[in-house]
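**Student:** Please find one structure pasted underneath; my questions will follow.
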Amino acid sequence: MKKLTISISLLFILLLIPTNVSSEEDFSVGVPDYLVDDFFEYSGYTNTIVNDFKNTLNNEENNAEISIIENNDLRINIASIEECELMDYSGLCQRGKTSHFVNLSLSWEFNTTNYFNDQMYVIITTNEESLVPESESPWSWTKRSVVITSIFKTKNGDEHNVERRIVNEFTTHTTSTRPATISVGDKWFLIEEKELIEETAFRENNGLWEKTKSNSTITTQRIFSADSYDLLNNNLGIVPVISVIEGDMNSGNYSIAQLDELGFVRKVESFENNENTFTSELQDYRYLRTPDPSAKQSAHTGAICFGIFMITGILFVSTVFVNEYRKQKTNQVQLNNTQLNNTNEFEDLENKLKLLKEKRGHEKSKESELKTKLRAFYLKHNPAKLEYLNEIIKQMEENSFGNSEDHIKILNSQLTSKYGVDLDGNKTEQIKESIELPDSSKRFKEFMESIMDD
Amino acid sequence: MQTNSRRFRAILVSLLFFSLSLNMGSGLAEIEEGEVVVGPEIKIFDMVIGDTWVYDTELDVASLIDPTDETWFGTVIEYPLSGQTTRTVSGIETLEFKSQNYSVYKIEMEGNYVGVGTFPAPVLGLITGTMLVEYSATHWIRVSDHAKLREVTDVHIDLEHIAGVELLLDTIITREFDSDAEFYDFPTLWNESWTQTYIQNESWDGDAGYFSPPGNEKLKERAYKYNNYTSPPITWSGCENSSYVQQTNSESEVTEYKWYCPSIRGTVVEWVDDIILGVPAYLELISFTPGDIPTAQLELNFDPSLELNNVTLNAPIIFNVTISLENGSSLENEIVRINYLGKYTNWTLNETNSVMVNISSNVSKDSTTTLYDWASHGIVVELKGHDIFTTFTITLNSSSIAEGIALRSESLELMDGWVDGSFEFIAIFGEQTRW
């Protein structure tokens with residue numbers, strides 16, 4: 434018995450020891466497919482700013498002490514999927530919005546400056562918008578604005594502020610050999626040609642911005658190699674990642690991005706002369722296309738955990754069962770009433786869920802059926818209005834119009850009056866209104882009717 | 364043949380004149396090239412109760428429509444809405460504003476405007492109709508500096524179409540400001556520029572119809588300059604040259620301008636970017652009816668050593684007030700009210716109908732920062748119980764102005780060193796996190 438227990442324990446411990454991801458556990462990384470309201474929050478940006486500011490002040494022999502008063506992590510939001518035109522591309526684009534904010538306090542030794550209390554506040558706000566085509570296109574667009582505001586008082590307590598603003602607008606053409614999916618061993622490069630419009634500006638006490646504008650074209654070449662499979666362990670759990678190196682490690686100037694299975698960046702590190710200059714890590718996110726949105730851990734990690742659970746579970750049950758079998762050879766395992774009731778409840782819930790899904794499916798098809806019918810109707814009787822079809826449907830939804838059979842009757846009545854034919858092709862029948870519309874749509878309907886009647 | 368040619372030319376000329384007459388309000392006022400005429404200082408002026416100005420007005424409703432917004436697909440408003448606006452000084456009264464008390468002009472505005480527009484209508488596609496706008500507003504303008512403290516506007520918009528009339532909006536809009544919204548920074552010096560920041564609060568009461576009330580607070584960052592003294596776009600006797608004061612937002616986009624002319628105690632031409640509902644309006648004077656000027660003489664005598672344009676902080680402002688009525692009757696023991704920095708002080712006239720006033724200049728800054736002066740404040744002198752009043756302005760200076768200039772410069776340099784240097788990290792960050 435002792436031997437058996439030791440063997441099980443050893444097996445259990447061995448199973449729990451983390452191992453490197455072996456080549457059998459390879460995976461490839463595709464391009465993330467973002468949806469509106471996806472977001473990603475990264476740490477590290479504030480530290481980079483503060484350290485950089487400290488270094489600049491040190492170089493100028495300025496002994497200011499810097500502390501962070503308030504800080505929002507850098508957050509990237511997928512704001513909308515919209516129609517856009519980017520150079521020769523015309524179609525749907527994804528609009529991303531990035532924001533970051535930090536409020537710093539600078540203080541100097543007593544009476545060493547002319548600032549009131551030898552103190553100044555520096556607020557740095559970064560905002561960025563980008564448009565990326567949803568279909569394949571070499572074009573993308575980014576506009577980034579960084580505003581640095583310093584606020585201070587003169588000795589008599591009179592408050593002043595000065596601001597610096599840098600706005601960079603890039604239209605980028607990218608030529609890339611990046612494979613559709615990345616696996617370890619892949620190498621690729623991209624050439625970016627950026628048309629940059631840069632505007633630097635400053636102002637005092639909320640006055641006019643004094644602006645300087647410049648245009649330039651920047652061409653960069655970036656070389657990437659997918660280096661290794663790793664496990665990244667942070668507050669979001671243990672995640673398998675592919676480490677992609679940009680640049681040449683031997684030169685000492687490079688950066689490493691760690692991509693997870695879904696394709697977005699979990700961690701970025703930059704090195705100059707082999708010294709880490711920048712680290713940023715994903716802290717929170719919402720990726721609506723995550724296979725199981727309730728569990729943010731990857732399917733891969735889930736599989737490892739499930740394997741461990743299954744093996745230890747089987748071993749545990751087997752041990753207990755063998756022991757119990759030995760002790761109580763004659764005892765039978767019986768399901769009690771509660772368990773049976775629970776089973777019935779689950780079945781009920783399952784059925785309800787099924788019904789609900791069917792109902793939703795039915796409602797959806799009904800809604801799209803109206804649109805389809807209206808499209809066919811306009812195509813035949815007034816093609817010019819097809820341009821407004823989406824807007825008409827949207828307005829109808831907003832005004833709760835078209836949600837019931839009665840509404841459809843009214844719509845048919847109005848179309849018959851106007852075009853002599855209804856949605857279903859019936860020509861002469863005039864359908865009299867017999868129902869009361871909801872208040873929200875009354876006004877809208879009356880307005881339409883007043884025009885129809887004329 | 365010759366007759367036909369003459370007719371053709373006549374038609375062409377008529378068409379040309381017609382097209383010119385349609386061109387009203389087509390653009391911003393432009394400074395003509397050539398020798399620059401140095402304009403006079405614009406001093407605070409007293410309006411008179413009953414002063415009435417009538418303006419031809421155009422409302423640029425089309426500028427509100429975003430052609431890329433699918434809600435407005437197909438909208439066509441080819442010409443601005445046009446009509447007339449009447450502005451009248453209906454009285455002066457005391458107004459409590461941010462726990463301070465001020466003498467204010469109550470100015471009533473009335474207007475009716477009409478214009479044709481085509482709008483998207485669900486199911487039908489597009490519908491063409493005539494927009495009818497009824498506008499009436501009351502503005503409370505501070506006597507001491509002509510800053511607007513509050514405005515209440517009643518606006519009603521109908522769309523008259525082939526089948527009837529659709530109400531688009533019927534609401535009362537109240538605008539208040541967290542600090543005064545001062546347009547002129549009296550005394551406005553030639554080539555002077557100044558800035559102002561305030562928050563505009565707007566509330567709606569009524570049927571918002573097809574419009575959406577704006578957010579509660581709107582930050583207004585405004586910059587002004589006075590460097591044009593030329594002929595306004597219209598001819599008006601006594602206003603051959605007028606003072607053009609321009610307001611822009613902080614990005615230098617023009618948001619408002621006024622051609623001020625002292626002989627009509629107001630403006631001959633105005634353009635505002637948001638008369639109401641965010642609609643820009645262009646106004647050209649077509650009539651001015653002056654109010655009845657009081658017959659009383661109100662005379663102020665200052666100590667010769669007092670420089671009104673260079674008053675130090677907390678300095679005494681001493682002056683003698685003498686009021687003489689046309690009929691020569693005595694005003695002994697009548698009260699003269701001084702309104703300065705939101706407070707009233709009372710002074711009793713003696714047997715010669717005069718009184719020596721002594722107030723402190725104080726240290727209060729104003730909301731129009733010129734970067735180079737501390738403040739300019741108006742002082743209102745009123746004969747209590749009568750509509751007899753006048754105003755003058757003092758400009759405060761302080762040694763701390765130089766200190767402020769120096770520190771702002773120092774602080775900008777500090778930012779320069781950083782921004783122009785390794786701040787580049789910010790620029791590359793975005794590229795590192797998105798793939």
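In the order they appear, the protein sequences are chains A and B. Start counting the first sequence at 434; every next residue gets the next number (the working numbering). Start counting the second sequence at 364; every next residue gets the next number (the working numbering). Note that the Cβ used here is the ideal one computed from N, Cα and C, for glycine as well. All of these numbers come straight from a predicted model, not from anything done at the bench.
(1) Cα-Cα, which of A:V579, A:I514, A:F635 and A:T610 is closest to A:V565?
(2) Measuring only between beta-carbons, confirm whether B:A586 sits less than 7 Å from chain A.
(3) Is there a Cβ from chain A that is less than 7 Å from the Cβ of B:M778?
(4) Residues of the segment 582 to 599 of chain A in Cβ contact with chain B at a cutoff of 7 Å, in chain order, please.
(5) Could you tell me the distance, in whole angstroms, from the CA atom of B:Y476 to the CA atom of B:L512?
(6) With DSSP collapsed to three states, give me the class of B:T779.
(7) Tell me the start and end of each unbroken beta strand (DSSP E) in the segment 541 to 572 of chain A that is at least 3 residues and wholly inside, in chain order.
(8) Is the CB of B:L775 under 7 Å away from at least one CB in chain A?
(9) Suppose the cutoff is 8 Å on Cβ atoms and the five residues either side in sequence are ignored; what does the same chain contact list for A:L525 look like?
(10) Would you mind sorting B:I680 into buried or exposed? The rule is 16 or more other CB atoms within 10 Å of its CB.
(11) Between A:E866 and chain B, is there a C-beta pair that is closer than 7 Å?
(12) Can you give me the Cβ contacts of A:K644 inside the same chain, cut-off strictly under 8 Å, excluding the 5 residues immediately before and after it?
(13) Mind listing the chain B neighbours of A:M553? Cutoff is C-beta to C-beta under 8 Å, in chain order.
(14) For a contact meaning CB atoms closer than 8 Å, what does B:T558 contact in chain A?
(15) If the criterion is Cβ atoms closer than 7 Å, does the pair B:D563 and B:R538 meet it?
(16) How about A:N589 and B:S426: are their beta carbons less than 7 Å apart?
(17) Would you say the beta carbon of B:E670 comes nearer than 6 Å to a heavy atom of the ligand FMN?
(18) Hey, could you find the ends of the beta strand (DSSP E) B:Y442 is sitting in?
(19) Mind reading off the beta-carbon distance from B:I649 to B:D419? Whole number of angstroms is fine, and I expect it under 8 Å.
(20) As an exercise, report each continuous beta strand (DSSP E) stretch of at least 3 residues that is fully enclosed by the segment 492 to 568 of chain B, in chain order.
(21) Should B:G492 be flagged as near chain A, meaning a C-beta pair shorter than 7 Å?
(22) For A:N707 and chain B, any beta-carbon pair shorter than 7 Å?
(23) Could you list which residues in chain B have their beta carbon closer than 8 Å to that of A:N505, in chain order?
(24) Identify, in the order they occur along the chain, each residue of the same chain with its Cβ nearer than 6 Å to the Cβ of A:E498, setting aside the five sequence neighbours on each side.
(25) Output yes if chain A places a C-beta closer than 7 Å to the C-beta of B:S426; else output no.
(26) For A:R376, write down the residues that DSSP places opposite it in a beta bridge.
(27) Do the CB positions of A:R655 and A:V674 come within less than 7 Å of each other?
(28) Does the Cβ-Cβ distance between B:S600 and B:C624 come in under 7 Å?
(29) By Cβ distance below 7 Å, which residues in the same chain neighbour B:G454 in space, the five residues on each side in sequence not counted?
(30) In whole angstroms, what is the alpha-carbon distance linking B:L489 and A:I825?
(31) Is the CB-CB distance between A:Y467 and A:I511 below 7 Å?
(32) Just mark A:G853 as buried or exposed, buried being the case when its beta carbon has 16 or more other beta carbons within 10 Å.
(33) Across the segment 766 to 777 of chain B and the segment 738 to 755 of chain B, are there enough close Cβ pairs to call them in contact, namely three or more that are closer than 8 Å?
(34) Could you say which of B:Y607, B:N464 and B:V439 lies nearest to B:V810 if we only look at CA atoms?
(35) Report the CB separation of B:V452 from B:G654 in whole angstroms; it is logged as a contact under 8 Å.
(36) So B:N464 and B:Y707 are in contact, right, with Cβ under 8 Å, and what is the actual spacing, rounded?
**Tutor:** Reading from the atomic positions:
(1) A:I514
(2) yes
(3) Yes, B:M778 lies at the interface with chain A (some Cβ there is under 7 Å from its Cβ).
(4) S583, F585, T587, K588, N589, D591, H593, V595, R597 and I599
(5) 26 Å
(6) As written in the sequence, residue 779 of chain B is Asp, which differs from the Thr given in the question. Residue state, collapsed to three classes: helix.
(7) The qualifying runs are 552 to 566.
(8) yes
(9) I514, E515, E516, C517, P566, E567 and S568
(10) B:I680 comes out buried.
(11) Model confidence at A:E866 stands at a pLDDT of 42, short of 50, so the residue's coordinates are unreliable; what they give is reported in the following sentence. It does not; no Cβ of chain B falls within 7 Å.
(12) E632, T633 and A634
(13) Counting only Cβ-Cβ distances below 8 Å, A:M553 has contacts in chain B at S774, in chain order.
(14) N638, N639, G640 and L641
(15) The question names Asp, yet the displayed sequence has Gln at residue 563 of chain B. For B:Q563 and B:R538, yes; Cβs fall inside 7 Å.
(16) no
(17) As for the ligand FMN, it is missing from this structure, which has no ligand bound.
(18) Careful: B:Y442 lies outside any beta strand (DSSP E) and carries neither H nor E.
(19) Rounded, the Cβ-Cβ distance is 5 Å, consistent with contact.
(20) 511 to 524 and 527 to 544
(21) By the rule that beta-carbons nearer than 7 Å mark a contact, B:G492 does not touch chain A.
(22) no
(23) Result: empty, since nearest Cβ-Cβ is about 14 Å, beyond 8 Å.
(24) S540
(25) no
(26) No answer is possible for residue 376 of chain A: it lies beyond the span of chain A, which begins at 434 and ends at 887.
(27) no
(28) no
(29) I412 and K469
(30) 11 Å
(31) yes
(32) Flag for A:G853 reads exposed.
(33) no
(34) Outside the displayed range of chain B (364 to 798) lies residue 810 of chain B, so it cannot be described from this structure.
(35) Taking a contact as a CB-CB distance under 8 Å, the pair B:V452 and B:G654 counts as one, their CB atoms being some 6 Å apart.
(36) 6 Å
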